[in-house]
Each structure stands twice: as structure tokens, then as C-alpha cells.
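Numbering (our numbering), first residue to last: 4 to 313.
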């Protein structure tokens with residue numbers, strides 16, 4: 004039995020509308036389907052569910068690395084406060100400081116009226132983060148333990164701030180550069196590497212540190228990758244037994260050789276010291292979990308490439 008004319012027209016209208024909506028969605032880029040529709044559900048690096056009803060307009064960063072990530076994700080203009088030592092890019096230096104990981108200026112932070120605070124899981128204390136949440140602030144906690152986490156965080160910040168096209172471009176550029184570094188060293192024989200974070204006591208990078216991943220990408224083996232902690236303290240005996248072929252240091256060559264630390268004098272028989280393979284990499288490059296960590300990775304790779312060429 005045929006439908007009445009009015010009913011048939013209504014059905015056709017519904018079908019055409021449904022087809023139009025489906026075609027429109029199918030034509031959208033991936034970032035529009037994932038991250039552009041509100042409300043948005045994200046999970047931060049503490050495992051907390053974060054429901055986003057509107058894009059962040061007033062952001063406070065609680066680490067220099069996060070500040071760099073926010074700028075790289077295209078949201079630098081939304082930063083109203085940053086942590087102390089946020090000095091890159093240059094525009095970050097003119098943004099009000101709210102203190103550092105150990106001493107936040109809560110009064111100033113509240114006066115800035117942020118609608119989003121981005122924290123650093125291993126740098127900001129849980130007590131401090133909890134205190135911010137009790138004050139009614141929305142805190143999103145981040146952490147990068149591998150180089151692949153950098154593009155992930157760029158995309159996340161892009162979603163939070165509504166700058167996903169810029170963030171996606173930055174993330175893809177990072178991923179392509181990282182992939183090239185990996186491919187160029189896929190067949191290298193591992194070189195034993197010690198990362199010196201601090202000389203007294205001896206602090207190094209454990210398996211959970213992003214530097215461990217840098218060493219692996221560049222064809223090295225972290226002498227203390229068996230230690231699960233982020234930055235384990237080791238003994239002099241541990242270091243002597245490891246006898247690394249290369250040492251990368253976050254302490255300048257002058258300080259390492261000075262009487263203050265005397266690292267070189269303390270370990271003259273370690274292979275890296277005897278052969279002169281002790282190299283300084285600026286802590287702003289190798290310790291900040293931001294796109295600039297690729298610069299540190301290239302420096303590490305270049306040093307290890309030179310070892311393989313010998």
C-alpha cells in the first residue's frame with residue numbers, strides 16, 4: 004500500500020537530512036571528529052577523567068616544558084601565567100610568573116583567574132596539585148616518559164585550547180623527525196651510556212626517564228635501565244662496575260672538572276673518562292619534555308654515531 008503524499012514527502016526529507024549529516028561528517032578531517040566536538044572527555048596522566056565543556060581561554064603552565072608545549076601547540080596567547088624559569092620561546096618571559104614546582108604563589112595564581120592549569124606529574128607535588136583542585140581550579144596533569152609522548156601531549160593541549168590544527172602539524176613534524184632518527188640507527192651496535200644528572204650524590208636516569216628513550220633511539224644502552232625509578236641515586240661502586248663507554252652530563256664541563264664536584268678526578272679509570280667521551284648537553288634541551296628535546300636527541304645521536312664510526 005503506497006504512503007500518502009505528505010507522509011512520503013516527510014520520509015524523503017528525513018532520509019535526505021540523514022544523508023546530508025552523514026556526508027558532512029565523513030568529509031571532516033580527523034581532528035574535527037576527535038577533539039572539536041564538545042563536551043570532550045580526556046584522561047590525564049594521573050588517570051583522572053577530565054570533562055571539557057568549553058575550550059580553555061586562560062591557561063597557567065606549571066613547568067617550563069609545559070610552557071614550551073603550549074606555545075608549540077599554538078596556544079601561547081592563552082597563557083596568563085607560567086612557572087619560574089619559563090624562558091622559551093622569548094614571548095614566555097613577559098608572562099607573569101606564579102612561582103615554581105616547590106613554591107607556588109597561590110594568591111597571584113588565583114588573581115589570574117585561569118580556567119585551566121596544566122601541571123607536571125613528576126615535577127609538581129601531589130600535595131600542590133590537590134591544593135589547587137580544592138581551590139576550585141581545573142588541573143590537567145601531564146607526563147612524558149618517552150619521546151612519543153611529546154606529540155601526544157601536543158595534540159592533547161590542542162584539544163584543550165582549541166588549537167588542534169596547529170598542534171597536529173607540530174606533532175606530525177616531531178613524529179617524522181623522530182622516525183628518521185630511529186631508521187638511521189636501526190642496525191647500530193649498542194654503546195653503553197651513563198647519563199649524569201647530578202654528581203653529589205650520583206643521580207642518573209632510570210628506565211622511567213625520557214632520557215632512557217633518547218639513549219635507545221640513538222643506538223645506546225642506558226647503563227642503569229634496570230632501575231625502575233625516574234632518577235635513581237647510585238653508588239660510586241655501581242658506576243665503576245657499569246664502566247660506561249660514553250657519559251652525557253647535565254652539568255657543564257667546567258663544573259665537572261672543578262674542585263666543587265671533581266667528577267673527572269673521582270673516576271679516572273672509567274672508560275668514558277679515559278677516552279674523553281664525556282659530553283655536556285644543556286639541561287634545558289635534555290630535561291624539558293618539549294619539542295626541543297629533539298635537539299638533545301640529535302646531539303646524543305651525533306656523539307654515538309661518532310663512536311660507531313671509530
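All C-beta atoms, glycine included, are put in the ideal place defined by N, C-alpha and C.
Around the Cβ of residue 133, a 10 Å sphere holds fewer than 16 other Cβ atoms; the residue is exposed. Three or more beta-carbon pairs separated by less than 8 Å are not found between the region 194-204 and the region 164-182, which leaves the two stretches without contact. Inter-residue distance for residue 164 and residue 76 is about 9 Å (C-alpha atoms, whole angstroms). Looking at the backbone, the Cα of residue 150 and that of residue 141 are separated by about 26 Å. Note that the region 61-68 does not touch the region 44-52; fewer than 3 beta-carbon pairs, one per stretch, sit closer than 8 Å. Taking 4 residues as the shortest admissible run, the region 121-169 contains the following complete alpha helix (DSSP H) segments, listed from N- to C-terminal end: 129-137, 152-164. Straight-line spacing of the CA atoms in residue 122 and residue 67 works out to 10 Å. Residue 307 is a Cβ neighbour of residue 223, given a cutoff of 9 Å. Classified as buried, residue 291 has 16 or more neighbouring CB atoms from the shown chains inside 10 Å of its CB.
Spatial neighbours of residue 310 in its own chain (CB-CB distance under 8 Å, excluding positions within 5 residues in sequence) are listed in chain order as 194, 248, 249, 280.
Residue 155 has its alpha-carbon roughly 10 Å from the corresponding atom of residue 161. Residue 277 counts as exposed, since fewer than 16 other beta carbons sit within 10 angstroms of its beta carbon. Taking 4 residues as the minimum length, the alpha helix (DSSP H) runs contained wholly in the region 33-108 are 33-36, 67-75, in order along the chain.
Nearest neighbour of residue 303 by Cα position, chosen from 312, 283, 313, 109, turns out to be 283. Checking the DSSP bridge columns, you'll see residue 205 partnered with 237.
Between residue 69 and residue 97, the CB-CB gap reaches or exceeds 9 Å. Secondary structure at residue 199: strand, using DSSP grouped into helix, strand and coil. With respect to residue 117, residue 84 sits close: the two C-beta atoms are nearer than 9 Å. Around residue 158, the same chain offers 170, 174 as residues with beta carbons nearer than 6 Å, after the five sequence neighbours per side are excluded.
In this chain, residue 252 is not harboured by any alpha helix (DSSP H); it is covered by the beta strand (DSSP E) spanning 249-252.
Judged by beta-carbon spacing, residue 209 lies beyond the 9 Å limit of residue 179, meaning their Cβ atoms are not closer than that value.
Residue 167 has its alpha-carbon roughly 46 Å from the corresponding atom of residue 266. Pairing residue 124 with residue 145 gives a Cβ-Cβ distance under 9 Å. Rounded to the nearest whole angstrom, the C-alpha separation of residue 218 and residue 296 is 12 Å. By the CB criterion at 9 Å, residue 237 and residue 207 fall inside the cutoff. A check of alpha carbon separations from residue 91 across 72, 298, 246, 108 identifies 72 as the nearest.
Residue state for residue 227 is assigned as coil, using DSSP reduced to three classes.
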